[in-house]
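Number of protein chains: 2
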Amino acid sequence: MPRSGAEARRRLQQAALELYRERGFDRTTTAEIAARAGLNERTFFRHFPDKREVLFDGEADLRASLVQAVAEAPGDLQPLDLLLHAFRKVEHLLEDNRPFAEPRLEVIAATPALRERDLAKAASIAEAVAGALRQRGVADRSARLAAQIGWATFHQAAQAWIDDPSQSLDAHLLQAFSDLRALCRTP
Amino acid sequence: MPRSGAEARRRLQQAALELYRERGFDRTTTAEIAARAGLNERTFFRHFPDKREVLFDGEADLRASLVQAVAEAPGDLQPLDLLLHAFRKVEHLLEDNRPFAEPRLEVIAATPALRERDLAKAASIAEAVAGALRQRGVADRSARLAAQIGWATFHQAAQAWIDDPSQSLDAHLLQAFSDLRALCRTP
DNA sequence: TCAAGTAGCGTCAGTCACTGACATATGCGG
DNA sequence: CCGCATATGTCAGTGACTGACGCTACTTGA
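So this is what it looks like as structure tokens:
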């Protein structure tokens with residue numbers, strides 16, 4: 004068996020995704036994942052802190068890119084426009100990854116335990132974005148609220164993009180932010 | 004030991020909250036919770052499906068009350084005003100229960116595993132609220148977006164209420180929705 | 001009042017996620 | 001070829017959670 008480390012990590016992720024799809028998350032043991040990857044159960048837990056985390060690896064990249072995009076955005080934007088600008092800068096991370104991410108999203112949607120983790124990751128990203136907003140002088144509560152609202156809108160756009168691939172993610176994103184503005188408008 | 008069932012359930016919740024605060028969630032075993040409640044570990048799992056759920060009992064009530072409040076709100080309100088109206092109708096569920104709600108929210112905020120469950124409950128409630136909005140004729144995407152945004156705002160108000168009890172939850176709620184309006188305003 | 005049914009509980013054995021301690025193997029620079 | 005760091009294997013253990021079975025208190029109906 005290769006001794007690379009990063010290679011083993013990739014094999015574990017692949018084996019886990021396969022088994023979660025074949026038998027379901029609950030009927031898959033960590034020992035089985037490790038076995039399919041040609042490794043030991045103990046090694047699985049050296050690469051991933053728990054059975055769920057094996058499917059959540061790109062999250063750190065997305066968060067870092069978003070934080071950077073917020074930090075580097077033009078200075079004259081107000082929070083929600085700033086967030087829209089930042090989301091448009093990172094949407095390629097999703098669009099480039101679509102064929103690989105689709106089975107993963109299916110498994111997550113079908114497994115409560117994985118959906119919980121997914122929500123936690125989303126909250127973590129929103130928190131990081133709020134921090135980036137604060138760095139730009141946005142007041143604490145406004146920053147938290149804007150980050151959560153912005154992420155919810157982004158998430159809505161991503162979901163619409165999965166359901167309807169005929170339009171680009173960018174188009175869905177603009178549509179979602181337009182919906183958001185319309186919601187907040189007081190007639 | 005009393006044989007009531009509902010009484011045992013309450014003792015388990017109380018014991019769990021106390022122990023999670025004293026030792027932390029991770030250093031508390033389900034056997035300890037049961038022992039403090041004068042019960043057996045097996046009985047704990049007859050009342051609650053897992054170690055986290057013992058702190059999430061009122062969620063079903065809150066969800067049902069929110070859905071009802073949305074359904075019964077005046078007919079001429081915009082989605083966000085409608086949600087604010089509904090939240091004000093159910094905030095007494097938190098204010099009346101503050102001695103239990105406050106330490107509970109503190110423990111949840113301090114424990115990643117409980118935060119995950121909290122986020123899952125929030126998503127479930129938001130989904131139900133979105134359904135109630137749809138029943139009132141709000142378009143599907145707007146309903147989902149409004150429910151998530153509204154809940155995020157409500158949650159922010161509840162957090163502020165915990166951090167600063169000098170003002171009522173209602174005041175914090177109005178403040179949070181005012182912040183939301185300000186965020187969406189385009190100058 | 002008592003027999004029978006039922007709901008809540010206890011006990012036991014077992015699976016599986018996860019962890020610490022220690023041993024072993026692999027690939028590196030010297 | 002030799003130490004050394006890193007990746008992995010082995011073992012024993014804890015604790016969450018489950019199924020099966022038996023016990024006990026409370027209720028119900030004759």
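Note that the protein sequences, when read in sequence, are chains A and B. Here the first sequence is numbered in the working numbering, starting from 4 and rising by one per residue. Here the second sequence is numbered in the working numbering, starting from 4 and rising by one per residue. Just so you know, even glycine gets a beta-carbon here, dropped at the ideal spot from N, CA and C.
A/Ser171 at chain B interface by Cβ criterion, 9 Å: As a working note, residue 171 of chain A is residue 168 in the first sequence. No, A/Ser171 lies away from the interface with chain B (no Cβ there is under 9 Å from its Cβ).
Cβ pair B/Glu119, A/Arg120 closer than 9 Å: As a working note, residue 119 of chain B is residue 116 in the second sequence. As a working note, residue 120 of chain A is residue 117 in the first sequence. Going by C-beta atoms, B/Glu119 is nearer than 9 Å to A/Arg120.
Coarse secondary structure for B/Arg139, derived from DSSP in three states: Here the question's residue 139 of chain B lines up with position 136 in the second sequence. In the three-state DSSP reduction, B/Arg139 falls in the coil class, being neither helix nor strand.
Minimum Cβ-Cβ distance from B/Ile36 to chain A less than 9 Å: Residue numbering aside, residue 36 of chain B sits at position 33 when the second sequence is read from its first letter. Under the 9 Å criterion on CB atoms, B/Ile36 is classed as non-interfacial with respect to chain A.
Sub-9 Å separation of A/Arg66 and A/Ala131 beta-carbons: Residue 66 of chain A sits at position 63 when you count from the first residue of the first sequence. Residue 131 of chain A sits at position 128 when you count from the first residue of the first sequence. Result yes, Cβ atoms of A/Arg66 and A/Ala131 sit closer than 9 Å.
Residue span of the alpha helix (DSSP H) that contains B/Thr33, given as start and end: Sequence index remark: in the second sequence, residue 33 of chain B carries index 30 (1-based). That run of the alpha helix (DSSP H) goes Thr33 to Arg39.
Sequence-distant residues of its chain with Cβ nearer than 7 Å to B/Asp143 (five each side left out): Stepping through the second sequence from its first residue, residue 143 of chain B is reached at position 140. Within the same chain, Cβ atoms closer than 7 Å to the Cβ of B/Asp143 are found at Arg137, the five residues on either side in sequence being excluded.
Distance between beta carbons of A/Ile128 and A/Leu172, contact taken as under 8 Å: The residue you call residue 172 of chain A lines up with position 169 of the first sequence. The residue you call residue 128 of chain A lines up with position 125 of the first sequence. With a Cβ gap of about 17 Å, A/Leu172 and A/Ile128 do not count as contacting.
Assigned secondary structure, A/Glu75 (DSSP; H/G/I helix, E/B strand, else coil): To locate residue 75 of chain A, count along the first sequence from 1; it is residue 72. Look at A/Glu75 here: in three-state DSSP terms it is coil, with no helix or strand label.
DSSP state of A/Pro5 mapped onto helix, strand, coil: Counting from 1 along the first sequence, the entry for residue 5 of chain A is found at position 2. Low confidence applies to A/Pro5: its pLDDT is 45, below 50, so where it sits in the model is not reliable, and the reading given next is rough at best. Of the three classes helix, strand and coil, the one that applies to A/Pro5 here is coil, per DSSP.
B/Glu109 versus A/Gly41: straight-line alpha-carbon distance, rounded: Indexing the second sequence from 1 puts residue 109 of chain B at position 106. Indexing the first sequence from 1 puts residue 41 of chain A at position 38. In a straight line, the C-alpha of B/Glu109 is about 43 Å away from that of A/Gly41.
Nearest residue (CA-CA) to B/Asp64, options B/Val93, B/Phe180, B/Val57 and B/Phe48: What you label residue 64 of chain B is simply residue 61 of the second sequence in a count that begins at 1. Looking at B/Val93, B/Phe180, B/Val57 and B/Phe48, the one whose alpha-carbon comes closest to that of B/Asp64 is B/Val93.
Between the CA atoms of B/Ala161 and B/Gln17 - distance to the nearest angstrom: The count along the second sequence starts at 1 and reaches residue 17 of chain B at position 14. The count along the second sequence starts at 1 and reaches residue 161 of chain B at position 158. Taking the straight line joining both Cα atoms gives about 21 Å.
Local conformation of B/Ser169 per DSSP, three classes: For this step, residue 169 of chain B is matched to residue 166 along the second sequence. Here B/Ser169 carries a coil assignment [DSSP, helix/strand/coil].
Under 9 Å between C-beta atoms of B/Pro82 and B/Ser181: Start at 1 with the first residue of the second sequence, and residue 82 of chain B comes out as number 79. Start at 1 with the first residue of the second sequence, and residue 181 of chain B comes out as number 178. Their beta carbons are not under 9 Å apart, which means B/Pro82 does not touch B/Ser181 by this criterion.
For B/Thr114, the three-state DSSP class (helix, strand or coil): Looking up residue 114 of chain B in the second sequence gives position 111. If DSSP states are grouped into helix, strand and coil, B/Thr114 belongs with coil.
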